[in-house]
Amino acid sequence: MSSPGELKLSGWEVGETRKLPGMDVKKIGKDLYEIFIGPQHPGSGHMRIIVRLDGDVMVEVDPDLGYVHRTMEKLAEGRSFIKVIPLVERMAILDACNITLPYVEAVEKLMDIEPPERAKYLRVLLCEINRIASHLYGMGIFGVFLGHSTMYMWPFGDREVFVELAERLTGARLTHSYPVPGGVRRDVPEGFTDDLRKAVRYMRKRLEEYRKIFLDNPVIRARLEGVGVIPRNLAIELGIVGPNLRASGVEYDVRMVEPYEAYGELDFEVPVFEEGDALARAWVRVEEIKQSLRILEQVADKLDKMPREGFMHDKFWAKAPKLYKDVYSREGRVKLMPLFANLKVPAGKAFARAEAGRGEIVYYVESEGKFTPYRVRVVSPSFRNAIVFKYIAPGHRLMDLPAIYGSIDYFPPEADR
Amino acid sequence: MAGVVDTIISWIFWPPLFQLVIAPGLVAALAIVIFILWFERKTAARVQMRVGPYNVSPRLGGALQLIADLIRYSFQEPIIPKTVDTAAFILAPLAMLVISVVPTAAIPVSPLPWTWPIPMEHSLLVALALTTLSPVFLVAAGWASNNKFSVIGSTREAFMVTAYELVFIISLLAVAAPVHSYNLVEIVEAQAGWRMFAILNPLAFLAAFIAILMSTSGFPFEIPESEHEVVAGPFTEYSGLLYGIDMGAAYIKRYVMSVLLTIAFLGGWKPLDPQPGAGLLAGYIAPLVVVLVKATIVMAVMSFFRAVYGRYRLDQAVDLAWRVILPMALAGYALGLIYGYLGVI
Amino acid sequence: MSLDAVRSRAEEALRGVYTGVEEGKGFVAFRVPAERVVEAAEALKSAGFDHVKSVTAVDRPKEGVIEVTYHVSSYSDPELARGIVGITVSLPRDNPRMPSLSRIWVSAEFQEREVFEFFGVVFEGHPDLRPILLIPPLAEKHPLRKDFIVKEEQVYKGGITKLEQPP
Amino acid sequence: MPPRPSRRRVPPYGFLAAVKGNLGAIAVGLKYFLDPNRFTLHYPREYIRLKPGYRGFIVLNKAKCIMCESCARICPAAAMKMVRFQAPDPRRPGKMKLYKYPVINYQRCIFCGYCVDVCPTEALRHVPAHDVVYYNLEEMDLNLEQFQVEPKSPAEVEGGIPVRYVFDPERGLVKVPEKGQAGGG
Amino acid sequence: MSTLRSREARAGPPEEGRLYVGNLDAAARRARELLLGKMKLGKLVDWGTAFSLWPVHFTTSCCGCEFAATWSPRFDAERYGALPWLSPRQTNLIVIEGTVTKKMGCALRLVWEQMPHPKFAIAMGACALDGGIFYNSYNIVRPWEVVPVDVFIPGCPPRPEALARAIVELQRLIREKGVASKWIEEGEREDKPAPIPKEDLCSWWRG
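Printed below as a string of C-alpha cells:
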C-alpha cells in the first residue's frame, strides 16, 4: 500500500524530528499537541506558557518565565541603599508602595530606627490605595481574559480614581518611590482626605455593579465555578500567597500575623473563603477591596486628627535647615537630607515581609556596613504563585487556562524581577 | 432618453441582480456591517464609560472609523506564509464571503412575485440549507493556515456547528408548522399586526436568536476566535485584505441570518402591506427598508451583548445548546405544531 | 514574645542536627551540614513549618563558600506563622552540590531552579533542574556570583572643559 | 479591634439566580448605555493641568546651584550627571575654579524626584509638562543650556483646553474645565 | 498525533507546483500602479493608515500598565482609531513597553518580522530608550537596536497622555510624509538593518 517515498509513521520515536513538505514535525508524545502561548499572545502577558494538550485537555503546563527578568538582585548590589527603592519598585509599578515597603522596613531594621506615627499612617494610606488599584487591575485583566470587555474597562476606569489619589499624594501616577528609610516623602495635600472619602463612597457603589455584571453573571459563574480548585492542603504545600491562599481557606495575611506599620491599630477583617476555586479568588479580591476601603476611612479620620508633624525620623529631620521646613509647610514635600545620597547602613542581616496586593513579599537584605547592600534577595508574590500553572492547570480544558491565569492575578514582571 | 433611464433602472432593479448584489445582498450587507461594527464599538464604549472611535471624524462621532480600517487593511501588505496551502488559504475567505451572501437569493423582501429573484415554493428550506455552508470554509481557512491556533480554532468552529445547526433549523421549523408552508412569504403574511411569531412562540424565537449568536461567534459564544487561547482562531495567519474579507464575511453571515430571523419571527415587512400592482417604491423599496431596519435592530441587540457578557467555554456552550436550547427549540416546535393543528393562525 | 516560642519549637525539632545559630533581624537561622539537611528539613516540616518563603543564596568569595538559606515558616499554625526560621547550608564555591529539598517542600521547586542558574548550585534529586529565568548562554555564567561584575557609571559626564568665562 | 480573619463562602447559585443574574447584568449594561458615565479626556484638544506637586520634567536654576553633586549622587538611573568646567574665578582673579553643574539625560530619567528632593537649595524643580515625545534619541540628552529651559507641554502649546479632575461620590472622577466652577455632573 | 512546527516566513516566490492562483506579485503590482498612479489614492491610504494604527498585543515590560491605562476609559486611545489587536499579522504598530530583556528581544524581532508593511514602532519609557534604571543590567537590549523605532517617549512610566501624544505625532508623521503611500509606491523593501543581527538575538530560541 505504501510506496517507498511515503512516510512511515510507525517506529517514530518520541522526541524525533522529521522533515515533511513545508514543515518539520516532531513527535512529543502519544496524542499530544504542543502549543506555545506567548510571549506575543493576547492571553499570555509577558511570559510564555508551554501547554501540551490531549484533545482539549491540558496534560502538561510549563510556565516559561524570565521574559521580564531585569536582574534587580544583581543591580542592587552595586547601588546605594536609597537607589534600590526605585529599582525594586519596577517589579510591580501598579503596586509600588506595597512592593518597596518591606525593603525599607528591612533597611530600617538594620539601622534600628522606626518611623514616627504619622509616617506609619501615611504608608498605610498609600499601601491601601495601591492595594485597591492593584486588585482592580487584576480584576480588569481577569475580566478581559474571560472575554468580558466591560469588566476590563470598568475596573481600569475606577482604578484611575485611586491612581489620581496616589498622584496627588506622591506626585507620580504609579512609581511613587514613597517610603524612604525613616519616613515618607510627602505629606497629604490640602483637601486630600475629603477626596479620599468621596472615592471610598464611589467605590462602594461600584462594587455592587461589578457584582451584577461580573460575579453574578451566569456566564462568568459557569466559567469560574469549580475551575482551578486549590484545596487547602495543596495551597499550603505549594506555598502560594495572598488572595489565592485565602481563597483556599488558609487564614494568613501578613497584616494580621505580623502587623507592620500601623496595621495593628486598625480595625479590619481578613476575608477567607473556603472553596479555593477561581470564583472564590475573585470574591476574595472584591471583599479585600471592601476592607481596604474601611481602612482608608479610618486612616483618613486618623490623619485629620493628627498634627502635621512626624513624617520623618528625627535622625534625618532634626538637623534639617529652615529651607527644608519651609518647603514642607508650603508644599507638604519632605526634602531628603544630602545624607540620603550616601546612606551607610550598619552591618547585619534582615528579613522583612509585607502583604502586597498579590500576596506576601519577602526581602532579605544583608549589609556589610558599606554604602551598598551586600545582597538583596526578594521573593515576589507572583514568583511564588507561578507554581500554580504547573500543578493546578493540568487536567483542565484549554479554555480554562486564561481563567486560572487571571484568577491567580499573575503579573510576570513581578515574578521575574 | 427616458427610455434609456428606464432601461437602466429596470436593469438595476432586476431582482436577481438587485437582491443578491445590492440589497439585501452584498452592498447593503457591507453598508450595514460597517454601521454595525461602528455601532458595536460605540455601544461598548458607551457602556464602558468612554468614547470609542472619535478623532477620525469628530463631527460624525467617528463613523468613518471602519472606512479607515477598511482602507488600511486593503492596502497593507498581504502576507502569505510559505507553510500555508496557498490556494485554500486565498480561496476560503472569498468563498466564505460569497456563500454568506447567497442565502439572500431565497429570502423575499416583498410579497409581490415580481420582486423575487427566483420564485420558489420552499424558500425557507433553501435559505436554511445555504446558511449552513459557510462553516465549511471557515474550517478550511483554519486548516489551510497550518498554524496550531488556527487548527484549534477551526476545530472549535466544527464543534459549534454541531451545537447550533439543529437548533436553528428546528426553531425555524416551528414557524413553518403553523403556516403549513415552507414559503417565507406565506410565513410573513401569517404574521399580521402584533401576531408576530416572536410573541406567539417566544421559545423558538429565543432559540433561533441564540443559535445565530452561536453560529456567528457573537458573545457569549465567541469561542472559535476566543483571543485569549487561540489568538484569532482560524484567522490567525490572515493579514491585509484577506483578513478584512474574513471579518466581513463573519458579520455578513450574521446579517443574513438576522434578516432571516426578521422574516420568520419579526413579521418581515409587516407594518407595510404592498398590494399587487404597487410600484417600485411601495412594492419593493419600502418593504426592503423595513426588513433591513428590523434586521439592524436585531444585530444591534447582539452587539450590545458584547458589552455585557464574557464567553462560555466550548464544552459549556455545546452542553448548553444540547441540554437547554435544543429542548427549548423542540418545545417551540411543539407549540408551533399545536398552533398548526388548531389552525389558530 | 511569640518569636521566642517559634525559635524554641525550631530548636527542639533540629536538636542534634544544627551546628550553630545565627540571629538575624526578623529571622533566626540554624546552620546545618550539607549531608544532614534533608533530615533537618524533614524535622522542621513535621514540626509544622510547611512552606519555604525564600531560598536565599549568598556568595561569599572571601570564605570560598556559597551559603544557601531556606527561610521557612508556617501557614497552618498561626503561632509559627509569626516567626521565620532559616536553615543555612555552606557549600564549597568550586563545586556547590546539595540534596534538593523540593521533595519535602514543593514550594521550593522554582526557587531552587533560580538558585541553580544564578549561583550554579546543583540540587541533587530535583525533579526538573533547568534554568528558569535566564537564557541558556547567560545561565552558564551564574550572574549573581560576586565575580560576575556589572559596572556602575560615574557621576561625572565627560572630561573637564576649559572655558574663558564662568558658565 | 486588631485585624482578624472572617470566613465566608461564595453565595450559592441556582436556576432562579441565573435568570436574575442575566437580567441584572443586562440591566446594569442598559443603565450605562442610557446614561453613560463618561469621563474621557479628549487628549489633544484638552489636557490635564497637573497639580503643583507633580513630578514632571526637571529644570535647573543655575543661579541657585551650589555644585554639591548630591543630585548626581542620588540619581538611581545615572541620568543626572555633573559636567565640569574650568574657568577663571571671578572672586579670586587669576585663579581657576572648577565649576560643576548637573545635566540630565531623559533617555534614562525615571522621574523619581530624588534629585529635586535632595537639592539643598531648591535649584532643581519639576515643571508640569508630561507629554513630550521625541523623534530621535540625541535630543533627549540635554546640555547645560537646554537643562535650564522649561519644557512646554505640546498640548498647551497647541492651545488645548486645560481641565482638571475632581472627585465625586456618585460618578467617581469628573472632568471640569480649569477656569470653570467645580461641580458634579 | 504529531505537532506541526510551522516556521514563520514572509511570502517569498511561490514554490514550484503550488501555484494555483496566478502570479500574485504581478497582479499586486498592477493594482498598485492603477490605484496610486492613475487614481491618486495616496492621500486616502495615508489617512486610513493614520487613523487605523492597531498595536499588537505584545507587552514587553511594566510600562504595559500605562499602555493598558491609555486604552482605559479615562484616556481611551480608541478615539484615535487605535485598537490593540490579536495577531501580529493584522496589526501595523508595535508599542515597546519598557525594558526588553535578552529573552524578549528575540520575540520582539520575530513579532516585528511577522507584521505586514507599512508598520511603525513606538518606544515607550526610559528602559526602552537607554535602559532607564536598568542601564547597566546584563540581561537587557536596547529596543532600537532590534527594530527601527519611529517615536520615543521618555518617562518611567510615561503618562498615558504621553503615549497618546506619540500616537498623535505618528499620525501626523504618516499624513505629512505620506509614509504608507510611499511604501506602497516603492513596493516590497527590506527592513532597515538593525544593529543586532537576528542570529545573535535568537541563537537560543526554541519554538
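Chains A, B, C, D and E, in that order, are what the protein sequence lines are.
Our numbering numbers the first residue of the first sequence as 1 and each following residue consecutively.
Our numbering numbers the first residue of the second sequence as 418 and each following residue consecutively.
Our numbering numbers the first residue of the third sequence as 763 and each following residue consecutively.
Our numbering numbers the first residue of the fourth sequence as 930 and each following residue consecutively.
Our numbering numbers the first residue of the fifth sequence as 1115 and each following residue consecutively.
Each residue gets a CB set at the ideal place from its N, CA and C atoms; glycine is no exception.
This one's a predicted model, so the numbers in the text were calculated from it and none came from an experiment.
In terms of beta-carbon proximity, residue 973/D lines the interface with chain E, with at least one pair separated by less than 8 Å.
Relative to the Cα of residue 171/A, the nearest Cα in the group 334/A, 404/A, 386/A, 398/A belongs to 334/A. In the pairwise beta carbon analysis, the segment 961-980 of chain D is classified as touching the segment 1070-1088 of chain D: at least three pairs are separated by under 8 Å. A direct Cα-Cα distance of roughly 9 Å separates residue 64/A from residue 39/A.
At a beta-carbon threshold of 9 Å, none of the residues of chain E lie near residue 1075/D; the nearest stands roughly 13 Å away.
Under a 10 Å Cβ-count criterion, residue 723/B is classified as buried, with 16 or more other Cβ atoms of the shown protein chains found around its own Cβ. Runs of the alpha helix (DSSP H) lying entirely within the segment 948-976 of chain D and spanning at least 4 residues: none are present. The straight-line gap separating the alpha-carbon atoms of residue 920/C and residue 1013/D is approximately 8 Å.
For residue 161/A, the CB contacts under 8 Å within the same chain, skipping 5 residues up- and downstream, are 199, 202, 203 in chain order. Here residue 1053/D is buried, its C-beta having at least 16 other C-beta atoms within 10 Å. In this structure residue 1193/E is buried. Its beta-carbon is surrounded by 16 or more other beta-carbon atoms within 10 angstroms. Excluding residues up to 5 positions away in sequence, 87, 372 lie with their Cβ nearer than 7 Å to the Cβ of residue 79/A in the same chain. Secondary structure remark: continuous beta strand (DSSP E) runs of at least 3 residues inside the segment 1231-1295 of chain E, in chain order: 1234-1238, 1265-1267. For residue 123/A, the uninterrupted alpha helix (DSSP H) run begins and ends at 117-145, by DSSP. Our two residues, residue 994/D and residue 180/A, have alpha carbons roughly 25 Å apart in a direct line. Residue environment analysis places residue 148/A among the buried positions, since at least 16 neighbouring C-beta atoms fall within 10 angstroms of its C-beta. As the crow flies, the alpha-carbon of residue 1165/E is around 14 Å from that of residue 1279/E. By the neighbour-count criterion, in which a residue is buried when 16 or more other Cβ atoms sit within 10 angstroms of its Cβ, residue 684/B is buried. For residue 880/C, the secondary structure class from DSSP, reduced to helix, strand or coil, is helix. The beta carbon of residue 82/A is closer than 6 Å to those of 340, 343 in its chain, skipping five residues each way along the sequence.
Restricting attention to 574/B, 688/B, 610/B, the CA atom closest to the CA of residue 633/B is found in 574/B.
Around residue 670/B, the same chain offers 517, 551, 633 as residues with beta carbons nearer than 6 Å, after the five sequence neighbours per side are excluded.
With 16 or more other Cβ atoms from the protein chains shown falling within 10 Å of its own Cβ, residue 1295/E counts as buried.
Taking a contact as a CB-CB distance under 8 Å, the pair residue 145/A and residue 406/A counts as one, their CB atoms being some 4 Å apart.
Residues of the segment 1176-1189 of chain E with a Cβ closer than 7 Å to any Cβ of chain D, in chain order: 1187, 1188, 1189.
Taking CB atoms only, residue 636/B has no neighbour in chain E less than 8 Å away. Close CB contacts of residue 775/C within its chain, under the 6 Å cut and outside five residues either way in sequence, are with 805, 806, 809 (chain order).
Secondary-structure assignment with DSSP links residue 782/C through a beta bridge to 793/C. Taking 8 Å as the threshold, the shortest C-beta distance from residue 130/A to chain D does not fall below it. A Cβ of chain D is located within less than 8 Å of the beta carbon of residue 1265/E. Distance from the CA of residue 909/C to the CA of residue 828/C, rounded to the nearest whole angstrom, comes to 12 Å.
Looking at the DSSP output, residue 364/A bridges to 351/A, 377/A.
Contact residues of the segment 1015-1045 of chain D toward chain E are 1034, 1035, 1036, 1037, 1038, 1039, 1040, 1041 (C-beta to C-beta distance below 9 Å). In this structure the segment 1309-1316 of chain E lies against the segment 1209-1221 of chain E, because at least three pairs of beta carbons, one per stretch, are closer than 8 Å.
Residue 731/B and residue 55/A have their C-alpha atoms roughly 13 Å apart. Per the Cβ contact rule, the segment 207-217 of chain A is not in contact with the segment 1060-1079 of chain D (fewer than 3 Cβ pairs under 8 Å).
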